[in-house]
Amino acid sequence: MQIETITTQAYSDQNPGTSGLRKKVKVFQQAGYLENFVQSIFSSLEDFSGKTLVLGGDGRYFNRTAIQIIIKMAAANGFGELIIGQSGLLSTPAASHIIRKYHAFGGLVLSASHNPGGPDEDFGIKYNVSNGGPAPEKDTQAFYQYSQSISSYKTTHFADVDLDNIGIQYRGDFKITIIDPVTDYAELMQSIFDFPLLKQSISSGYITLLFDAMSAITGPYAKRILVDMLGAPEASIINAVPLEDFGGHHPDPNLAHAHELAERMFSADAPTFGAASDGDGDRNMITGSQIFVTPSDSLAIMAANATLIPAYAKGLSGVARSMPTSQAVDRVAAQFQLPCYETPTGWKFFGNLLDAEKITLCGEESFGTGSNHVREKDGLWAVLFWLNLIAQKRQSVADIVHEHWQKFGRDIYSRHDYEAVETPIANAMIEHLRELIAELPGKAFGEYVVSYADEFCYEDSVDGSISKNQGIRIGFANGSRMVFRLSGTGTVGATLRIYLERFEADASQHNQDAQVALADLITLAEQFCEIKKRTGRTEPNVIT
Ligand code: G1P
Ligand code: ZN
Numbered sequence: 148m149q150i151e152t153i154t155t156q157a158y159s160d161q162n163p164g165t166s167g168l169r170k171k172v173k174v175f176q177q178a179g180y181l182e183n184f185v186q187s188i189f190s191s192l193e194d195f196s197g198k199t200l201v202l203g204g205d206g207r208y209f210n211r212t213a214i215q216i217i218i219k220m221a222a223a224n225g226f227g228e229l230i231i232g233q234s235g236l237l238s239t240p241a242a243s244h245i246i247r248k249y250h251a252f253g254g255l256v257l258s259a260s261h262n263p264g265g266p267d268e269d270f271g272i273k274y275n276v277s278n279g280g281p282a283p284e285k286d287t288q289a290f291y292q293y294s295q296s297i298s299s300y301k302t303t304h305f306a307d308v309d310l311d312n313i314g315i316q317y318r319g320d321f322k323i324t325i326i327d328p329v330t331d332y333a334e335l336m337q338s339i340f341d342f343p344l345l346k347q348s349i350s351s352g353y354i355t356l357l358f359d360a361m362s363a364i365t366g367p368y369a370k371r372i373l374v375d376m377l378g379a380p381e382a383s384i385i386n387a388v389p390l391e392d393f394g395g396h397h398p399d400p401n402l403a404h405a406h407e408l409a410e411r412m413f414s415a416d417a418p419t420f421g422a423a424s425d426g427d428g429d430r431n432m433i434t435g436s437q438i439f440v441t442p443s444d445s446l447a448i449m450a451a452n453a454t455l456i457p458a459y460a461k462g463l464s465g466v467a468r469s470m471p472t473s474q475a476v477d478r479v480a481a482q483f484q485l486p487c488y489e490t491p492t493g494w495k496f497f498g499n500l501l502d503a504e505k506i507t508l509c510g511e512e513s514f515g516t517g518s519n520h521v522r523e524k525d526g527l528w529a530v531l532f533w534l535n536l537i538a539q540k541r542q543s544v545a546d547i548v549h550e551h552w553q554k555f556g557r558d559i560y561s562r563h564d565y566e567a568v569e570t571p572i573a574n575a576m577i578e579h580l581r582e583l584i585a586e587l588p589g590k591a592f593g594e595y596v597v598s599y600a601d602e603f604c605y606e607d608s609v610d611g612s613i614s615k616n617q618g619i620r621i622g623f624a625n626g627s628r629m630v631f632r633l634s635g636t637g638t639v640g641a642t643l644r645i646y647l648e649r650f651e652a653d654a655s656q657h658n659q660d661a662q663v664a665l666a667d668l669i670t671l672a673e674q675f676c677e678i679k680k681r682t683g684r685t686e687p688n689v690i691t
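Our numbering numbers the first residue of the sequence shown as 148 and each following residue consecutively.
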């Protein structure tokens, strides 16, 4: 194989965020942009000569082009084999599983997750290590450092690989294996959940379901698992065909973006269970007839009932949540005497805890839940977990949630996002909050007395690494809490996220609307960060 060294110019903006490098497609299409970042990854890694790399993406616009470029660069850089999902498709959790199952050196996942796709929208790339999880910060920082002084990348010439036919192809000694993207993942799900019970509950009509694949990657996965294996009618999957632009929508599973599902679930003839997943299949939204389950509650309910699921029947070793996720799961952990960890936002921080078997389940308020079965959050896994719970408990989603609140109390929760704020204004807001930290503790705002205010800093209990500046937290004596942080996944300006929660022990108060119950905290949050004054915005773009 003739290796070519191509001269290139460094780009200053290749610093990966919460989950890989995400930019507009037009940015990725600049000469050498994708190549520079891929070379920066390869050049920062060691000892992969002859080893296997997994490659696939969520099928968004630019996926196929990027895959052909990466195939040639992987060959030129010395990998021995590539495992690629058919048509270049792999959901993020399936990619994680395939890296683990085939003992690959690592993988490249091409996705911008829930961000919109298309020629004028977003693309992304993320490197996952051999445990199947996102590269830790020390690696992503090494990629960035390398990208800042890169002057050349390696590639080679050969005919484009046929991505659409399953089988093995060679270019010289370099092996390319095209696999079915669903089969291995479906088998894994079958090994975790009670498929015979699920099949029986679905075919008998006890469970009726609606799954919104949002014209993204989970369509083929849901079809195989829910329809072919579990017998759900084909019509129970909507937006089932993956499209390069997700039909022009945001493939983000929340009540705003999955509006067709939301409408059906709150209609008179709603199915028992409704769910949606995102662009790359790692997020999930859970609903039941007339009820939306917040991701924080979903995690807590999963933890409280995990032993009903075959794979977790022996119990959990511990649980973890990202810092802004509500404290609902902490209450379950306390009752079951389970270790409970609080990590910064982003799935990469769960990897060490899972590898060290300190935790079995983990989740984030941002519609992410997962377990030790892979090293990514997993949308369809969460759907199957809930279906298995409903089938086993023979209770509706609403009954499961209300019963949980009665036992543990309700952590009323909401997140408010202000998108596309000018970056200097957003940074100034965070700086202003930093200054407030020192003076807030002890101050009273109506019935809210500040008990602590700090900027979250995480020390990894496995490798001792420290991650600073992970969000401003303000806690109150009555257990309420608010968190402010800037998104690390956006591609336009800055997004301010405000996370609000209030604990309600009294069951007679559990059926309140979250925005009403949190009204005082919302006003206080505004007072602290001065978003109206600083941006002129009167309300958030997205409330979840
Ligand atoms: C967002 C979520 C975070 C999640 C990430 C990737 O990151 O808040 O929990 O891990 O997407 O799905 P953010 O934009 O807040 O940095
Ligand atoms: Zn995602």
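A virtual CB, placed ideally from N, CA and C, is assigned to each residue, including glycine.
Option nearest residue i by Cα separation, candidates the options
i	options	result
residue 523	612, 587, 152, 243	243
residue 624	638, 599, 386, 176	599
residue 442	530, 395, 501	530
residue 554	521, 500, 452	452
residue 549	309, 163, 445, 171	445
residue 518	371, 456, 683, 473	456
residue 666	629, 642, 655, 641	629
residue 270	215, 399, 176, 506	176
residue 318	307, 327, 420, 311	307
residue 303	216, 617, 402	216
residue 643	677, 615, 500	677
residue 337	376, 357, 309	376
residue 234	249, 213, 240, 227	213
residue 552	635, 634, 652	652
residue 635	151, 165, 502, 323	165
Contact test: residue i Cβ vs ligand 1 heavy atom, cutoff 7 Å
i	result
residue 492	yes
residue 685	no
residue 526	no
residue 411	no
residue 566	no
residue 635	yes
residue 511	yes
residue 260	yes
residue 561	no
residue 515	yes
residue 469	yes
residue 644	yes
Whole-angstrom distance between residue j and residue i, CA atom to CA atom
i	j	result
residue 391	residue 609	40 Å
residue 587	residue 670	16 Å
residue 222	residue 468	39 Å
residue 363	residue 395	11 Å
residue 675	residue 265	38 Å
residue 578	residue 255	35 Å
residue 565	residue 581	19 Å
residue 275	residue 191	13 Å
residue 383	residue 345	15 Å
residue 699	residue 205	A question about residue 699 goes unanswered here, because the residues of the chain that appear run from 148 up to 691.
residue 454	residue 585	44 Å
residue 237	residue 231	8 Å
residue 157	residue 298	7 Å
residue 427	residue 179	25 Å
residue 183	residue 350	51 Å
residue 520	residue 466	14 Å
residue 682	residue 572	7 Å
residue 510	residue 472	8 Å
residue 154	residue 626	57 Å
residue 197	residue 185	18 Å
Cβ-heavy atom distance, residue i to ligand 3, below 7 Å
i	result
residue 164	Absence of ligand 3 from the depicted structure is noted, with ligand 1 and ligand 2 being the only ligands included.
Proximity test, residue i beta-carbon vs ligand 2 heavy atom, cut-off 7 Å
i	result
residue 426	yes
residue 397	no
residue 239	yes
residue 169	no
residue 558	no
CB contact below 8 Å: residue i versus chain D
i	result
residue 349	No chain D appears in the structure shown, which is made up of a single protein chain.
Ignoring anything shorter than 4 residues, give me the alpha helix (DSSP H) runs that lie fully in the segment 184 to 228, in order along the chain. Here the runs fully enclosed are 210 to 223.
Counting only runs that start and end within the segment 470 to 533, where is the beta strand (DSSP E) found for 3 or more residues in a row? Along the length of the segment 470 to 533, whole beta strand (DSSP E) runs at least 3 residues long occupy 487 to 490, 508 to 511, 515 to 518, reported in chain order.
Would you mind listing the beta strand (DSSP E) stretches within the segment 345 to 389 that are 3+ residues and don't spill past its ends, in chain order? The segment 345 to 389 is shown to contain whole beta strand (DSSP E) runs of 3 or more residues at 356 to 359, in chain order.
With a floor of 4 residues, list each alpha helix (DSSP H) that falls wholly inside the segment 226 to 265, ordered by position along the chain. Considered as a whole, the segment 226 to 265 harbours 239 to 248 as its complete alpha helix (DSSP H) runs of no fewer than 4 residues, in chain order.
Just list the alpha helix (DSSP H) runs in the segment 561 to 625, keeping only unbroken ones of 4 residues or longer that don't cross its boundaries, in chain order. Uninterrupted alpha helix (DSSP H) stretches at least 4 residues long and entirely within the segment 561 to 625 occur at 570 to 586, given in chain order.
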